[in-house]
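Protein chains in written order, with the working numbering: chain V, 321 to 646; chain S, 321 to 646. No residue lacks a Cβ here, since even glycine has one placed at the ideal position from N, Cα and C.
Protein chains: 2
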Amino acid sequence: MWRPASTRCPGGRGEAAISDSGEGSTMPKGARVIEGHEVARDMLREVHHDILELSEVHRLTTTLAIVVVGDDFNTLRLIQNKCQRAEDAGVRVQLHTLPPETSDDEVITVIEGLNHDERVHGILVQHYLPRYRDARRLIEAVDPVKDVDGFHTRNAGLLANDAPAFVPCEALAGMHLIKQFVDARPIGWHACVVGDTHRTGRPAARLLLNERCTVTIANEDTRDLAEVSRQADILIAATNRAGMIRPRHVKPGAAVIDLGRSRVTVNDELRIVGDVRLDAVREVAGWVTPVPGGVGPVAVAMLMRNVVTACRRQNRVDEKARHAAG
Amino acid sequence: MWRPASTRCPGGRGEAAISDSGEGSTMPKGARVIEGHEVARDMLREVHHDILELSEVHRLTTTLAIVVVGDDFNTLRLIQNKCQRAEDAGVRVQLHTLPPETSDDEVITVIEGLNHDERVHGILVQHYLPRYRDARRLIEAVDPVKDVDGFHTRNAGLLANDAPAFVPCEALAGMHLIKQFVDARPIGWHACVVGDTHRTGRPAARLLLNERCTVTIANEDTRDLAEVSRQADILIAATNRAGMIRPRHVKPGAAVIDLGRSRVTVNDELRIVGDVRLDAVREVAGWVTPVPGGVGPVAVAMLMRNVVTACRRQNRVDEKARHAAG
Chain V
321 MWRPASTRCP
331 GGRGEAAISD
341 SGEGSTMPKG
351 ARVIEGHEVA
361 RDMLREVHHD
371 ILELSEVHRL
381 TTTLAIVVVG
391 DDFNTLRLIQ
401 NKCQRAEDAG
411 VRVQLHTLPP
421 ETSDDEVITV
431 IEGLNHDERV
441 HGILVQHYLP
451 RYRDARRLIE
461 AVDPVKDVDG
471 FHTRNAGLLA
481 NDAPAFVPCE
491 ALAGMHLIKQ
501 FVDARPIGWH
511 ACVVGDTHRT
521 GRPAARLLLN
531 ERCTVTIANE
541 DTRDLAEVSR
551 QADILIAATN
561 RAGMIRPRHV
571 KPGAAVIDLG
581 RSRVTVNDEL
591 RIVGDVRLDA
601 VREVAGWVTP
611 VPGGVGPVAV
621 AMLMRNVVTA
631 CRRQNRVDEK
641 ARHAAG
Chain S
321 MWRPASTRCP
331 GGRGEAAISD
341 SGEGSTMPKG
351 ARVIEGHEVA
361 RDMLREVHHD
371 ILELSEVHRL
381 TTTLAIVVVG
391 DDFNTLRLIQ
401 NKCQRAEDAG
411 VRVQLHTLPP
421 ETSDDEVITV
431 IEGLNHDERV
441 HGILVQHYLP
451 RYRDARRLIE
461 AVDPVKDVDG
471 FHTRNAGLLA
481 NDAPAFVPCE
491 ALAGMHLIKQ
501 FVDARPIGWH
511 ACVVGDTHRT
521 GRPAARLLLN
531 ERCTVTIANE
541 DTRDLAEVSR
551 QADILIAATN
561 RAGMIRPRHV
571 KPGAAVIDLG
581 RSRVTVNDEL
591 RIVGDVRLDA
601 VREVAGWVTP
611 VPGGVGPVAV
621 AMLMRNVVTA
631 CRRQNRVDEK
641 ARHAAG
C-alpha cells in the first residue's frame, strides 16, 4: 500500500531516539557508540556451535580457502587476522600464497581446483591485487556457491532480486548492527548510503531496499551531500575517505554506520580510520559505529557465518535434517 | 572526487529548464511532452539497417522466440503488438503458444530447446502467467545470453556491477528518453525512482546510478512520498498505480518519466493509463512522458535492439569485423 503523506515515523524501537526535529529536540546529546567486538564474539560462538555440529553429526570439516597473490605487507596482515578469527571459530583455513609473478591464468587454475574440491566450502581471493591484474576475472572464476565474499555477479544478481545470496560481509555487518541496536524491522526509514562502490555501498543499499527502507545512494558527483544525507534516519558511510562525514551531514538522532576504512599516518604512526569523525558526529547522532572496532569485527564474523552457510548448502545439511525429522 | 556543497546544478542542457526555485520561478509553464513514437521509429530504422547487414554480410536471420503459456486475452494482444513491431523491424518471430495446462517442466523443456537452437537469438517468456506458476524458475531457465528481457539473475548482477548486460526494456527506454531530451550526461542530477519492482523500478535505479546520478528509491512504505520525490530533478514513476503521481510530487521543471501501466475502465471502456496525472503534472514539470505513447513504443524498439545485440554477440560479429579490419 502506498501510504498517505501524514504517516511519518510510525512506532517501533527507533521512534524514541530517531527524532524529526533538529533544533528544539528533546533528545539527550551524545550518541550510543556501538561496539562490534561483543556482537562479533556472540556471533562467533554461534558459528563455533554450528561447526561442531557439522563435524560431529555430519563428519564435515568446515573449510575456507584463501588465495593470496603477492606479498603486500598490509594484505598479509589482514589475511593473518582473518585466519586467526577463523581458527578461533573452528573453521579450517587453507592458505594458498602465490608469488607476485603468478599469471592470472595460473591463479584461475588454482581457483578452479578449489571449486572442484568438495572438502573446500568457501573461497576468498584477496583484494589488494597489483593493478595490472584483472580482479573481476578472478572473482568470476570462483564458483558462486563458494563465493563467501559475495562479489560474484551471480550473488550480486540474487541480492538485487531479493533472493538468497552471499552478501559482502561489511554490508551484512552494517545491516546486522542496525537490526540489533536501532530497529529490528527498519521498514519505511529513510536511509542514505554515501558511496556507491560494488563491494560495500551498493550491496548495503540493496540490503536496505530489501528491508523496505527508502534508500538514497549518493556518490562523488552528488551536488550537496550534506543536504541529502541530513535527511536520513540511517546514514551508511562507505566512501573510504577518512573523516569526510561531519556533524553537518547527520540528522539529529540518526544511526550512523561507518563501513569506511582508510590508512592514515598520524605522527609517523599508521592508523586505520573510518569515514566518520566520531568525536564530533557522536554529539549529533543517535547511534554511531567506531572504526576500528565497529563494523569490522562483525564483518569477519559474518564471513565465518557465510562459510558455515556454504558448507551446509553444498552438503544439503538442512534438507537431510528435514528429511530425517519427517 | 567528492565535491563541496556549493557546486549545485552545473551547466549543461538541463540547467536552463530544471530550476531549483518553486515559487517565483522564471520558467515557462507547461512541460514538454515527450512523444515516444518518433523516437521509436528512428530507433527501429537503425535496427532494421543492422538486421539487413546481419542478413546480407553474415547470412544471419535475427530471430526472437516468444513463449506464451495460456490464453489471456490482454497478454495475447500485447504479444501481437510485439510481433508486429518485430516484423516491421525485420526480426523473425517464432511464437510458441502453449495451452494453459502445460506444466512448468514442459515449459522449461521448450525453453531449453530454444537455448540450444542457434537460429534463435532472443527468448521472451510472457509475464502474465497464472499465479500458480513459478515465474522465477522459468526466467532462470532462459540462457542469459538470450535473455533479451533482462530479467535473468545473471543480467541483474551484471547491471548491478555496471558490466555489459541485457537490461529490462522499460528502464532502458526511460533512460534513453532522459539522455535524448533532458541531458545526455545526467551526472550529479538527483533522481527519484518511485516503485522498487525487480522489472522496472530497480533496473531503472541501477541505470541512473551507473550514469552517476544521486538516486533515491521510494516504495510503498516511504513515509512522505511527496517530500522525497519533490527533491528530484528526474522523477521515474514505476508503481503501476494509475495516476498516483500528482503535481505535489513533482519539483518545478523536473523531468517526469512514466514507466507505469495500468488498465482502468472509464465509461465502460478499457483504457491504458500511467502513474502520472499528465494534465495536472505538465503544469509543473519540465518534461513529461505520456501513457500510452511515451516510454511504451521506445521499450518495444529497445527490445528489438536487444535482439540484434544478442544475435551479434552470439555470432561474434563485432570480433570478426575487428579481425577482418585488423
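Discussion item. Residues of chain S with CB closer than 8 Å to the CB of V/Asp516, please, in chain order.
Written reply: To locate residue 516 of chain V, count along the first sequence from 1; it is residue 196. Here the neighbours are Leu529.
Discussion item. Suppose the cutoff is 7 Å on Cβ atoms and the five residues either side in sequence are ignored; what does the same chain contact list for V/Val353 look like?
Written reply: If you number the first sequence from 1, residue 353 of chain V lands on position 33. Around V/Val353: Arg602, Val608, Pro610.
Fill in: Three-state secondary structure (DSSP) of S/Ala557
Here residue 557 of chain S corresponds to residue number 237 of the second sequence, with the count starting at 1. Of the three classes helix, strand and coil, the one that applies to S/Ala557 here is strand, per DSSP.
Item to complete: Determine the chain S residues that contact V/Thr536 at a beta-carbon separation under 9 Å, and present them in chain order.
Response: Your numbering for residue 536 of chain V matches position 216 in the first sequence. The answer, in chain order, is His510, Cys512, Thr534, Val535, Thr536, Ile537, Val548.
Fill in: Reduced DSSP category for V/Arg446 - H, G, I as helix; E, B as strand; rest coil
In the first sequence, the residue the question calls residue 446 of chain V occupies position 126. Just to set this straight, residue 446 of chain V is Gln in the shown sequence, not Arg. Reduced to three states, the DSSP call for V/Gln446 is coil.
Worksheet item: Quick one: is S/Pro506 buried, meaning 16 or more other Cβ sit within 10 Å of its Cβ, or exposed?
Response: Walking along the second sequence from the start, residue 506 of chain S turns up at place 186. S/Pro506 is buried by the Cβ-count criterion.
Fill in: Proximity of S/Gly410 and S/Ile371 at Cβ, strictly below 7 Å
Taking the second sequence and counting its residues from 1, the one referred to as residue 410 of chain S is at position 90. Taking the second sequence and counting its residues from 1, the one referred to as residue 371 of chain S is at position 51. For S/Gly410 and S/Ile371, yes; Cβs fall inside 7 Å.
Worksheet item: Hey, would you say V/Val620 sits closer than 7 Å to V/Leu384, going by beta carbons?
Response: Taking the first sequence and counting its residues from 1, the one referred to as residue 620 of chain V is at position 300. Taking the first sequence and counting its residues from 1, the one referred to as residue 384 of chain V is at position 64. The answer is no: Cβ separation not under 7 Å.
Practice prompt. In angstroms with no decimal places, state the Cα-to-Cα distance between S/Pro419 and S/Val389.
Written response: Locating residue 419 of chain S in the second sequence gives position 99, counting from the first residue. Locating residue 389 of chain S in the second sequence gives position 69, counting from the first residue. Taking the straight line joining both Cα atoms gives about 6 Å.
Item to complete: Consult DSSP for V/Ser582 and reduce its assignment to one of helix, strand or coil.
Response: The residue you call residue 582 of chain V lines up with position 262 of the first sequence. Three-state DSSP puts V/Ser582 in a strand.
Item to complete: Measure from the C-beta of S/Ala476 to each C-beta in chain V and report whether the shortest distance is under 7 Å.
Response: Residue 476 of chain S sits at position 156 when you count from the first residue of the second sequence. For S/Ala476, the answer is yes, since a Cβ of chain V falls inside 7 Å of its Cβ.
Discussion item. Threshold first: 4 residues or longer. Then list the alpha helix (DSSP H) segments lying entirely within the stretch 432-508 of chain S, N to C.
Written reply: 455-461, 473-480, 489-497
Discussion item. Quick check: what's the CA-CA separation for S/Val468 versus V/Arg361?
Written reply: For the purposes of this step, residue 468 of chain S is identified with residue 148 of the second sequence, where counting begins at 1. For the purposes of this step, residue 361 of chain V is identified with residue 41 of the first sequence, where counting begins at 1. Distance between the alpha carbons of S/Val468 and V/Arg361: 47 Å.
Practice prompt. Out of S/Ile459, S/Arg532, S/Arg456, S/Leu528, state which residue places its alpha-carbon closest to the alpha-carbon of S/Ala491.
Written response: Walking along the second sequence from the start, residue 491 of chain S turns up at place 171. Comparing Cα-Cα distances from S/Ala491 to each of S/Ile459, S/Arg532, S/Arg456, S/Leu528, the minimum goes to S/Leu528.
Item to complete: Please list, in chain order, all residues of the same chain as S/Ala483 whose beta carbon is under 7 Å from its beta carbon, the five residues on each side excluded.
Response: The residue given as residue 483 of chain S occupies position 163 in the second sequence. Result list for S/Ala483: empty, nothing under 7 Å.
Practice prompt. Have a look at S/Asp541 and V/Ala538 and give me their C-alpha separation to the nearest angstrom.
Written response: Locating residue 541 of chain S in the second sequence gives position 221, counting from the first residue. Locating residue 538 of chain V in the first sequence gives position 218, counting from the first residue. C-alpha separation (whole angstroms): 21 Å.
Worksheet item: Would you report the Cα separation of S/Leu434 and S/Arg625, rounded to the nearest angstrom?
Response: The count along the second sequence starts at 1 and reaches residue 434 of chain S at position 114. The count along the second sequence starts at 1 and reaches residue 625 of chain S at position 305. Roughly 19 Å separates the two Cα atoms.
Practice prompt. Leaving aside the five residues before and after S/Thr559 along the sequence, list all residues of the same chain whose C-beta is less than 7 Å from its C-beta, in chain order.
Written response: By 1-based counting over the second sequence, the position of residue 559 of chain S is 239. Here the set comprises Val514, Gly515, Gly580, Asp595.
Discussion item. Check whether chain S comes within 7 Å of V/Asn626, counting only Cβ atoms and requiring the distance to be less than that.
Written reply: As a first step, residue 626 of chain V must be located in the first sequence, where it is residue number 306. It does not; no Cβ of chain S falls within 7 Å.
Item to complete: Say whether chain V places a C-beta atom closer than 7 Å to the C-beta of S/Asp553.
Response: Position 233 of the second sequence, counting from 1, holds the residue named residue 553 of chain S. Cβ-Cβ to chain V under 7 Å: no for S/Asp553.
Fill in: For S/Val377 and S/Ile556, the rounded distance between their alpha carbons
Numbered from its first residue, the second sequence carries residue 556 of chain S at position 236. Numbered from its first residue, the second sequence carries residue 377 of chain S at position 57. Going by the C-alpha atoms only, they are around 40 Å apart.
Worksheet item: Under the rule that 16 or more other beta-carbon atoms within 10 Å means buried, what is S/Gln446, buried or exposed?
Response: Residue mapping note: residue 446 of chain S aligns to position 126 of the second sequence, counting from 1. Under this definition S/Gln446 is a buried residue.
Discussion item. Counting only Cβ-Cβ distances shorter than 8 Å, please list the residues of the stretch 480-514 of chain V near chain S, keeping chain order.
Written reply: Ala480, Asn481, Asp482, Ala483, Ile507, Gly508, His510
Worksheet item: Counting contacts by CB-CB distance shorter than 7 Å, is S/Thr473 in contact with chain V?
Response: In the second sequence, counting from the first residue as 1, residue 473 of chain S sits at position 153. Closer than 7 Å to some Cβ of chain V, the Cβ of S/Thr473 qualifies, so yes.
Practice prompt. Look at the alpha carbon of V/Val413 and the alpha carbon of V/Arg633, and state the distance between them as a whole number of angstroms.
Written response: Position 93 of the first sequence, counting from 1, holds the residue named residue 413 of chain V. Position 313 of the first sequence, counting from 1, holds the residue named residue 633 of chain V. Using only the alpha carbons, I get a separation of about 19 Å.
Worksheet item: Which residues in the same chain as S/Ser341 place their Cβ atom closer than 6 Å to its Cβ, once the five residues preceding and following it in sequence are excluded?
Response: Counted from its first residue, the second sequence places residue 341 of chain S at position 21. Residue placement at S/Ser341 is poorly supported in this model, since its pLDDT is 39, which falls under 50; the coordinates still yield a value, given next. No residues qualify anywhere along the chain.
Fill in: CB of V/Pro464 within 7 Å of CB of V/Val487, strictly
Looking up residue 464 of chain V in the first sequence gives position 144. Looking up residue 487 of chain V in the first sequence gives position 167. No, the pair does not count as a contact, with Cβ atoms beyond the cut-off.
Discussion item. Against S/Arg522, what residues of chain V qualify as contacts under a CB-to-CB distance less than 8 Å, listed in chain order?
Written reply: Stepping through the second sequence from its first residue, residue 522 of chain S is reached at position 202. Those are Ala480, Leu529, listed as they occur along chain V.
Discussion item. At a CB distance below 7 Å, what residues from the stretch 406-422 of chain S approach chain V? Give them in sequence order.
Written reply: none
Discussion item. Give me the chain S residues within the contact set of V/Arg583, using Cβ-Cβ distance strictly less than 9 Å, ordered along the chain.
Written reply: Position 263 of the first sequence, counting from 1, holds the residue named residue 583 of chain V. Correct list: empty, because the minimum Cβ distance to chain S is about 18 Å.
Fill in: C-beta contact flag for V/Gly508 and S/Arg456 at 7 Å
By 1-based counting over the first sequence, the position of residue 508 of chain V is 188. By 1-based counting over the second sequence, the position of residue 456 of chain S is 136. No, Cβ-Cβ distance for V/Gly508 and S/Arg456 is not below 7 Å.
Practice prompt. Please check if any C-beta of chain V sits within less than 7 Å of the C-beta of S/Asp467.
Written response: The count along the second sequence starts at 1 and reaches residue 467 of chain S at position 147. Not closer than 7 Å to any Cβ of chain V, the Cβ of S/Asp467 fails to qualify, so no.
Worksheet item: If you compare alpha carbons, which of V/Val430, V/Glu407, V/Leu497 is closest to V/Thr417?
Response: Sequence index remark: in the first sequence, residue 417 of chain V carries index 97 (1-based). Closest by alpha carbon: V/Val430.
Practice prompt. With DSSP as the reference, label V/Gln634 as helix, strand or coil.
Written response: In the first sequence, the residue the question calls residue 634 of chain V occupies position 314. Helix at V/Gln634.
Discussion item. So, with DSSP's three-state summary, where would you put V/Ile354?
Written reply: The residue given as residue 354 of chain V occupies position 34 in the first sequence. It is coil, neither helix nor strand.
Discussion item. Just checking V/Val628 against the ligand GDP - is the residue's beta carbon closer than 6 Å to any of the ligand's heavy atoms?
Written reply: This structure simply doesn't include the ligand GDP, nor any ligand for that matter.
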